[in-house]
């Protein structure tokens with residue numbers, strides 16, 4: 001796999017560690033398989049700064065938001081961009097009729113298929129892998145795979161945006177909005193620019209860069225970014241805040257008014273048309 005695809009395996013290793021806790025927030029019985037040895041080696045290399053509790057919180061937040069979206073909105077198309085070693089198709093309680101599309105680089109999807117080849121497919125749901133390069137046109141291949149742009153969709157951009165330059169981030173989020181029928185939802189995460197510049201994170205950032213996975217983008221104003229790109233922001237949470245703590249975050253949560261603080265953000269967005277209807 002390409003170097004950037006290896007990040008999927010160290011996040012899988014973190015999910016495996018959470019799964020093996022007695023007080024686990026979620027169970028991912030596939031995480032250790034897809035992490036493989038390299039995932040745990042990279043997790044040890046990148047550990048520090050709350051990365052393991054953050055990944056547990058991020059996974060839990062998105063798990064619950066995904067389940068809520070498909071149950072309350074009746075969404076039956078779920079698209080994971082840069083799906084990596086995500087295993088939610090296998091482990092979440094999907095309603096019948098859901099189709100999960102996983103977009104990522106061909107080599108990663110091939111490796112993942114080999115790792116999970118002996119796992120039974122849960123009944124009542126469909127998984128479609130779409131090998132693409134997200135820096136090029138991917139909507140065409142997604143439509144060919146069965147996605148219907150006229151129907152509501154749940155977009156998930158987990159662990160992706162900080163690997164892209166700012167213009168690519170804005171282009172991607174805007175593209176998702178332009179292909180979101182009323183009732184669609186966008187879920188994901190982003191970090192602050194200060195997190196990229198944090199002196200305490202220099203060794204972590206240097207290791208990522210050395211491994212070919214530099215973090216490039218952060219924003220202090222995720223609400224403005226998402227709104228500028230066509231989304232109605234329902235909520236933005238920092239780990240440790242109500243709704244994004246789950247008794248895992250070990251640090252104080254700085255108020256948003258405190259400048260130059262490293263932050264992570266978890267977000268849920270709606271299409272503007274749906275927000276206006278709900279109001």
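Residue numbers (UniProt numbering): 1 to 279. Cβ coordinates follow ideal geometry from the N, Cα and C atoms, glycine included. Bear in mind that the values here come from a model prediction, so they are computed numbers and not experimental data.
(message) On a Cα-Cα basis, can you pick out the residue from 76, 19, 11, 68 that is closest to residue 47?
(response) By one-based count along the chain shown, residue 47 stands at place 47. Out of 76, 19, 11, 68, 11 has the C-alpha closest to the C-alpha of residue 47.
(request) Using only alpha-carbon positions, find the residue among 114, 18, 233 that is nearest to residue 40. (result) Numbered from 1 along the chain shown, position 40 holds the residue referred to as residue 40. Closest option to residue 40, Cα to Cα, is 18.
(message) Between the segment 214 to 231 and the segment 97 to 116, can you find at least three pairs of beta-carbon atoms closer than 8 Å?
(response) no
(request) Measure the Cβ-Cβ separation of residue 98 and residue 130 and say whether it is below 8 Å. (result) Within the chain shown, residue 98 is the residue found at index 98, counting from 1. Within the chain shown, residue 130 is the residue found at index 130, counting from 1. No, these two residues do not count as a Cβ contact at 8 Å.
(request) On a CA-only basis, which of 205, 192, 213, 241 is nearest residue 259? Give me that one, please. (result) Residue mapping note: residue 259 aligns to position 259 of the chain shown, counting from 1. Of the listed residues, the one whose Cα sits closest to residue 259 is 192.
(message) With the cut-off set at 8 Å, would you say residue 198 and residue 163 are in Cβ contact?
(response) Sequence index remark: in the chain shown, residue 198 carries index 198 (1-based). Sequence index remark: in the chain shown, residue 163 carries index 163 (1-based). Taking 8 Å as the Cβ cut-off, residue 198 and residue 163 do not qualify as a contacting pair.
(request) Count the other CB atoms, across all protein chains shown, that sit within 10 Å of the CB of residue 173; report buried if there are 16 or more and exposed otherwise. (result) Here residue 173 refers to the residue found at position 173 of the chain shown. Its Cβ being crowded by 16 or more others within 10 Å, residue 173 is buried.
(message) Can you list, in chain order, the residues of its chain with a C-beta nearer than 8 Å to that of residue 207? Leave out the 5 residues immediately preceding and following it.
(response) As a working note, residue 207 is residue 207 in the chain shown. Contacts found: 45, 46.
(request) Mind reading off the beta-carbon distance from residue 138 to residue 177? Whole number of angstroms is fine, and I expect it under 8 Å. (result) Reading the chain shown from its first residue, position 138 is the one you call residue 138. Reading the chain shown from its first residue, position 177 is the one you call residue 177. Not a contact, Cβ separation roughly 15 Å.
(request) Using a threshold of 8 Å, state whether the C-beta atoms of residue 264 and residue 238 are closer than that. (result) Taking the first residue of the chain shown as 1, we reach residue 264 at position 264. Taking the first residue of the chain shown as 1, we reach residue 238 at position 238. Against a cut-off of 8 Å, the Cβ pair of residue 238 and residue 264 comes out as a contact.
(request) Alpha carbon to alpha carbon, how far is residue 196 from residue 42? Give it in angstroms, no decimals. (result) For the purposes of this step, residue 42 is identified with residue 42 of the chain shown, where counting begins at 1. For the purposes of this step, residue 196 is identified with residue 196 of the chain shown, where counting begins at 1. Straight-line Cα distance between these residues: approximately 19 Å.
(request) Please name the residue, chosen from 51, 28, 142, that lies closest to residue 201 on a Cα-to-Cα basis. (result) If you number the chain shown from 1, residue 201 lands on position 201. Here the closest residue by C-alpha is 51.
(message) Does the segment 147 to 161 come into contact with the segment 116 to 125, if we say contact requires no fewer than three beta-carbon pairs (one atom in each stretch) closer than 8 Å?
(response) no
(message) Quick check for students: name the residue ranges of the beta strand (DSSP E) that lie wholly in the segment 76 to 101, counting only runs of 3 or more.
(response) 77 to 81
(request) Would you decide whether residue 184 is buried or exposed? Buried here means 16 or more other CB atoms lie within 10 Å of its CB. (result) The residue you call residue 184 lines up with position 184 of the chain shown. Classification for residue 184: buried.
(message) With H, G and I counted as helix, E and B as strand and the rest as coil, what does DSSP make of residue 188?
(response) Start at 1 with the first residue of the chain shown, and residue 188 comes out as number 188. Strand.
(request) Determine the closest residue to residue 100 out of 80, 55, 65, 62, with distance taken between C-alpha atoms. (result) Against the chain shown, residue 100 aligns to sequence position 100. Of the listed residues, the one whose Cα sits closest to residue 100 is 80.
(request) Would you check if the distance between the CB atom of residue 62 and the CB atom of residue 14 is smaller than 8 Å? (result) For this step, residue 62 is matched to residue 62 along the chain shown. For this step, residue 14 is matched to residue 14 along the chain shown. No; because the gap between Cβ atoms is not below 8 Å, this pair is not in contact.
(request) Give a yes or no on whether the C-beta atoms belonging to residue 170 and residue 229 are separated by under 8 Å. (result) Here the question's residue 170 lines up with position 170 in the chain shown. Here the question's residue 229 lines up with position 229 in the chain shown. In this structure, residue 170 lies near residue 229, with their beta-carbon atoms less than 8 Å apart.
(message) Does any residue of chain B have a CB that is nearer than 8 Å to the CB of residue 138?
(response) Any reference to chain B falls outside this structure, which holds one protein chain only.
(request) Helix, strand or coil for residue 165, going by three-state DSSP, please let me know. (result) The residue labelled residue 165 in the question sits at position 165 within the chain shown. Residue 165 sits in coil when the DSSP states are folded into three classes, being neither helix nor strand.
(message) Using the Cβ count rule (16 or more neighbours within 10 Å means buried), how would you classify residue 28?
(response) Along the chain shown, read from residue 1 onward, the residue named residue 28 stands at position 28. It counts as buried.
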